[in-house]
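**Q** In order, the protein sequences belong to chains U and X.
Residue numbering for the first sequence follows my numbering, beginning at 227 and increasing consecutively.
Residue numbering for the second sequence follows my numbering, beginning at 771 and increasing consecutively.
Backbone N, C-alpha and C fix where the C-beta goes; we use that ideal spot for every residue, glycine too.
What you are looking at is a predicted structure, and each value in this text was computed from that prediction instead of being measured.
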Amino acid sequence: MTDFVPTETEPLLEVHGLTRRFGALAACDRVDLSLWPGEVLGIVGESGSGKTTLLETIGGRQPATAGQILYRTAGGAAVDILALPEIDRRRLLRDEWGYVQQHAHRALRMGVSAGANIGEPLMAGGARRYAAIRGTALDWLRQVEIDAERVDDPPKQFSGGMRQRLQLARTLVTHPRLVLMDEPTGGLDVSVQARLLDLLRRLVREHGLSAIVVTHDFGVARLLADRLMVMRRGRIVEEGLTDQLLDDPQHPYTQLLVSSVLSV
Amino acid sequence: MNAQLSAVGRPVLTIAGLAKHFDLHLQQGVRLPVLEDFALQVRSGESVVLDGPSGAGKSTLLRLIYGDYLASGGAIVLSLPNGQRHDLLSLPARQRLLLRRRAIGYVSQFLRVIPRVSCEAVVAETLLLRGVLPDEATERARALLERLHIPRRLWSVPPATFSGGEQQRVNIARVFVADWPLLLLDEPTASLDGANRASVVELIEEARAAGSAILAVLHDQETREQVATRLVTVRSPLQREAMA
């Protein structure tokens, strides 16, 4: 008999009361969220809503003022990321998480070859055989639709869209169990955005990625996210299934945001 | 009315006391009531067609069941062939998502086109999300596109440039490529010509015969008579007010 709804698994990530203060200002204020394996959670909001701060705080790029980040590791243990010693935390995030930045040049090494950019995280994880690393790099260039002939070219010779795709390859090559993405299509031309979105959708399905995607673009959210959270002044004001939240928003602020978009 | 009433089975969808209003916060908090105290049961092997003037809340009802709209009150219970029962209105979002992949098929009025995704990939995705292997998913998608008279040379093209009728047939194919305990159909034949309408009626009949519970909005009189095993009238509180 078909099992229509599988028995509930444990969340991969549970964030409780996460707060990041700058003096009197709470850029991220008592945020709760959960992410299950294979799920894409979108966080939408305007500039200054605190969504990037939230992502950076979850990803260990900004210190949290308060809260808990419970993560279920590949080994099955649930650990509070914020309570780990610095060295363990760094190692865990390097081995099991990936982070995609809006500006690819901040994540890439612009002067070394595309192949080396993909190979580097593998070597940091212990890979040593040159031929295997190069083979994997070529495979990932293909997956992100970059011509294999460009493997020896440095990303400073690449267009914005190619750099972003190279960043995806560099991030995903280690098969992270959790991927955090900050405006992955931000600053790209519309046609380049469409290609990147299509690529992201395919990678999410083929690799069963679990991801949190921050975006101000409701079209991106509609295409990528299973669930959405709306952020305003550091707080989550509404959450739900992506189409429900966009088609029947409840909170006045969400209604304002959705009604301000031309067509999503 | 459809005469083949055979094999009407156990209840699949049970709705009680369902209410929906929209609070328009940007329009001085105007509250629009659309459904009030609505009840309905649909059984396996039934095709229930919703009847009522436009604005009665028929599409809203389908969207509430699918979870595209949030209900304001009441209960919607889905009973599945394996014995699982789900109170849809209290189900966590992620479980509802899983139900959508396997249990509730929804043909919306218009296809939501995804840039760069080919017609056959749009249809195959329904199966891929259920874990069907890519080759088999593509094969089944193609067979159905053929049946719905989508020209072969369009299969690898994204449907953005297709005609309204072609887009609607892709929209139908992406749902009917799989089996569903519950099917929600919102004007599936509205922009189709006679031959294609007949193909769709045939698909609906096959699904019903295989045990799906079907709830549909159909304005076309002929299609409705071919499909419906029962008619249910929907009228919004505002329309009842206007008629009183």
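#1: Residues of chain X with CB under 7 Å from tryptophan 366 of chain U, in chain order?
#2: Applying the criterion that 16 or more other CB atoms from any shown protein chain within 10 Å of the CB defines a buried residue, is methionine 388 of chain U buried or exposed?
#3: Would lysine 382 of chain U be called buried (16 or more neighbouring beta carbons within 10 Å of its own) or exposed?
#4: Short of 7 Å in beta carbon distance, which residues of its chain neighbour methionine 227 of chain U, apart from the five on each side in sequence? Order them along the chain.
#5: So glutamate 816 of chain X and isoleucine 984 of chain X are supposed to be a Cβ contact under 8 Å. How far apart are they, rounded?
#6: Going by the C-beta, is valine 970 of chain X closer than 6 Å to any heavy atom of the ligand COA?
#7: Less than 8 Å between the CB atoms is what I'm expecting for lysine 828 of chain X and valine 987 of chain X, so what's the real figure, rounded?
#8: Are the C-beta of leucine 869 of chain X and some C-beta of chain U separated by less than 7 Å?
#9: Within this structure, are the beta carbons of proline 929 of chain X and glutamine 937 of chain X separated by less than 7 Å?
#10: Would DSSP call isoleucine 884 of chain X helix, strand or coil?
#11: Excluding the 5 residues flanking glycine 844 of chain X on each side, which residues of the same chain have their C-beta closer than 8 Å to its C-beta?
#12: In this structure, does DSSP put phenylalanine 792 of chain X in helix, strand or coil?
#13: If contact is defined by three or more beta carbon pairs under 8 Å, each pair taking one atom from either stretch, is the region 260–271 of chain U in contact with the region 238–247 of chain U?
#14: Listing by chain order, which chain X residues have their CB less than 9 Å from the CB of arginine 453 of chain U?
#15: CA-CA distance, glycine 779 of chain X and glycine 981 of chain X?
#16: Leaving out the 5 sequence neighbours to the left and right, which residues in its chain are closer than 6 Å to aspartate 452 of chain U when beta-carbon positions are compared?
#17: Check whether the Cβ atoms of valine 446 of chain U and threonine 400 of chain U sit closer than 7 Å, and answer yes or no.
#18: Taking only beta-carbon atoms, is tyrosine 839 of chain X less than 7 Å away from chain U?
#19: Check the Cβ-Cβ distances between leucine 1008 of chain X and every residue of chain U, and say whether any is below 7 Å.
#20: Just verifying my parser: in three-state terms, what is the DSSP assignment at threonine 1003 of chain X?
#21: Across which residues does DSSP place glutamine 294 of chain U in a beta bridge pair?
#22: Check the C-beta distance from alanine 943 of chain X over to leucine 918 of chain X and give it rounded, since I have them as a contact under 8 Å.
#23: Distance check for glycine 286 of chain U and arginine 298 of chain U, CA to CA, integer angstroms please.
#24: Name, please, each residue of chain X whose Cβ falls closer than 7 Å to the Cβ of serine 485 of chain U.
#25: Taking the alpha carbon of lysine 277 of chain U as the reference point, which residue from U:Arg246, U:Ala292, U:Asp306 and U:Leu296 has its own alpha carbon closest?
#26: Taking buried to mean at least 16 other C-beta atoms within 10 Å of its own C-beta, is valine 487 of chain U buried or exposed?
#27: Does any CB atom of chain X fall closer than 7 Å to the CB of proline 478 of chain U?
#28: Going along chain X, which residues have a C-beta under 9 Å from aspartate 424 of chain U?
#29: Closest to alanine 333 of chain U by C-alpha separation, out of U:Val305, U:Arg354, U:Arg396 and U:Ala309, would be which residue?
#30: DSSP on valine 997 of chain X, reduced to helix/strand/coil?
#31: If you follow the beta strand (DSSP E) that aspartate 255 of chain U is part of, which residue opens it and which one closes it?
#32: Can the beta-carbon of glycine 293 of chain U be found less than 7 Å from the beta-carbon of leucine 244 of chain U?
#33: Going by beta carbon distance, what residues of the same chain come within less than 6 Å of alanine 800 of chain X, once the five residues before and after it are set aside?
#34: For chain U, is any of its Cβ atoms less than 7 Å away from the one on alanine 1016 of chain X?
#35: Using a Cβ-Cβ cut-off of less than 8 Å, list which residues of the region 363–396 of chain U approach chain X; keep chain order.
#36: Taking C-beta pairs closer than 9 Å, name the residues in chain X that alanine 437 of chain U reaches, listed in chain order.
**A** In terms of the structure at hand:
#1: Counting from 1 along the first sequence, the entry for residue 366 of chain U is found at position 140. Within chain X, no residue comes near tryptophan 366 of chain U; the closest Cβ sits about 20 Å away, beyond 7 Å.
#2: By one-based count along the first sequence, residue 388 of chain U stands at place 162. So methionine 388 of chain U ends up on the buried side.
#3: Numbered from its first residue, the first sequence carries residue 382 of chain U at position 156. Its Cβ having fewer than 16 others within 10 Å, lysine 382 of chain U is exposed.
#4: Position 1 of the first sequence, counted from the start, is the residue given in the question as residue 227 of chain U. Confidence at methionine 227 of chain U is low in this model, with a pLDDT of 44, below 50, so its placement is unreliable and the value that follows should be read with caution. Taken in chain order, the list of residues that qualify is empty.
#5: For the purposes of this step, residue 816 of chain X is taken as residue 46 along the second sequence, with counting starting at 1. For the purposes of this step, residue 984 of chain X is taken as residue 214 along the second sequence, with counting starting at 1. At roughly 7 Å, the Cβ-Cβ gap stays under 8 Å, so glutamate 816 of chain X and isoleucine 984 of chain X are in contact.
#6: The ligand content of the structure shown is nil, which means the ligand COA is not present either.
#7: Against the second sequence, residue 828 of chain X aligns to sequence position 58. Against the second sequence, residue 987 of chain X aligns to sequence position 217. Yes, lysine 828 of chain X and valine 987 of chain X are in contact; Cβ-Cβ is about 5 Å, under 8 Å.
#8: To locate residue 869 of chain X, count along the second sequence from 1; it is residue 99. Chain U, which has a Cβ nearer than 7 Å to the Cβ of leucine 869 of chain X, makes this yes.
#9: Counting from one through the second sequence, the residue named residue 929 of chain X turns up at place 159. Counting from one through the second sequence, the residue named residue 937 of chain X turns up at place 167. Going by C-beta atoms, proline 929 of chain X is nearer than 7 Å to glutamine 937 of chain X.
#10: The sequence position of residue 884 of chain X within the second sequence is 114, counting from 1. Correct three-state label for isoleucine 884 of chain X: coil.
#11: As a first step, residue 844 of chain X is located in the second sequence; it is residue number 74 there, counting from the start. Taken in chain order, the residues that qualify are Ile785, Ala786, Gly787, Leu788, Ala789, Asp807, Phe808 and Leu859.
#12: By 1-based counting over the second sequence, the position of residue 792 of chain X is 22. Reduced to three states, the DSSP call for phenylalanine 792 of chain X is strand.
#13: yes
#14: Against the first sequence, residue 453 of chain U aligns to sequence position 227. Going along chain X in sequence order, the residues near arginine 453 of chain U (Cβ under 9 Å) are Ala863, Arg864 and Leu867.
#15: On the second sequence, position 9 is the one that residue 779 of chain X refers to. On the second sequence, position 211 is the one that residue 981 of chain X refers to. Distance between the alpha carbons of glycine 779 of chain X and glycine 981 of chain X is about 8 Å.
#16: Against the first sequence, residue 452 of chain U aligns to sequence position 226. Hits under 6 Å: Glu265 and Val266.
#17: As a first step, residue 446 of chain U is located in the first sequence; it is residue number 220 there, counting from the start. As a first step, residue 400 of chain U is located in the first sequence; it is residue number 174 there, counting from the start. Not closer than 7 Å, so no.
#18: Taking the first residue of the second sequence as position 1, residue 839 of chain X is located at position 69. Yes, because at least one Cβ of chain U sits closer than 7 Å to the Cβ of tyrosine 839 of chain X.
#19: Here residue 1008 of chain X corresponds to residue number 238 of the second sequence, with the count starting at 1. Chain U, which has no Cβ nearer than 7 Å to the Cβ of leucine 1008 of chain X, makes this no.
#20: Counting from one through the second sequence, the residue named residue 1003 of chain X turns up at place 233. In the structure shown, threonine 1003 of chain X sits in a strand (DSSP, three-state: E or B).
#21: Indexing the first sequence from 1 puts residue 294 of chain U at position 68. U:His242, per the DSSP bridge assignment.
#22: What you label residue 943 of chain X is simply residue 173 of the second sequence in a count that begins at 1. What you label residue 918 of chain X is simply residue 148 of the second sequence in a count that begins at 1. That belief holds up - the Cβ atoms of alanine 943 of chain X and leucine 918 of chain X are roughly 6 Å apart, short of 8 Å.
#23: For the purposes of this step, residue 298 of chain U is taken as residue 72 along the first sequence, with counting starting at 1. For the purposes of this step, residue 286 of chain U is taken as residue 60 along the first sequence, with counting starting at 1. So the alpha carbons of these two residues sit roughly 16 Å apart.
#24: Taking the first residue of the first sequence as 1, we reach residue 485 of chain U at position 259. Result: Leu796.
#25: Here residue 277 of chain U refers to the residue found at position 51 of the first sequence. Ranking the options by Cα distance to lysine 277 of chain U, first place goes to U:Arg246.
#26: Within the first sequence, numbered from 1, the residue matching residue 487 of chain U stands at position 261. The residue in question, valine 487 of chain U, is exposed, as its Cβ has fewer than 16 Cβ neighbours within 10 Å.
#27: For the purposes of this step, residue 478 of chain U is taken as the residue at position 252 of the first sequence. Cβ-Cβ to chain X under 7 Å: yes for proline 478 of chain U.
#28: Position 198 of the first sequence, counted from the start, is the residue given in the question as residue 424 of chain U. Those are Ile884, Pro885, Arg886 and Val887, listed as they occur along chain X.
#29: Within the first sequence, the letter at position 107 stands for residue 333 of chain U. It is U:Arg396 whose Cα lies nearest to the Cα of alanine 333 of chain U.
#30: For the purposes of this step, residue 997 of chain X is taken as the residue at position 227 of the second sequence. Three-state result, valine 997 of chain X: helix.
#31: Counting from one through the first sequence, the residue named residue 255 of chain U turns up at place 29. Run containing aspartate 255 of chain U: 251–261, per the beta strand (DSSP E) assignment.
#32: The residue labelled residue 293 of chain U in the question sits at position 67 within the first sequence. The residue labelled residue 244 of chain U in the question sits at position 18 within the first sequence. It is a contact, given that the beta carbons lie within the stated cut-off.
#33: One-based indexing of the second sequence puts residue 800 of chain X at position 30. Residue identity differs from the one stated: residue 800 of chain X is valine in this sequence, not alanine. Within the same chain, valine 800 of chain X has close Cβ partners Leu794.
#34: No answer is possible for residue 1016 of chain X: it lies beyond the span of chain X, which begins at 771 and ends at 1014.
#35: none
#36: On the first sequence, residue 437 of chain U is found 211 positions in, with the first residue counted as 1. Going along chain X, no residue has its Cβ under 9 Å from alanine 437 of chain U, so there is no contact; the nearest lies around 14 Å.
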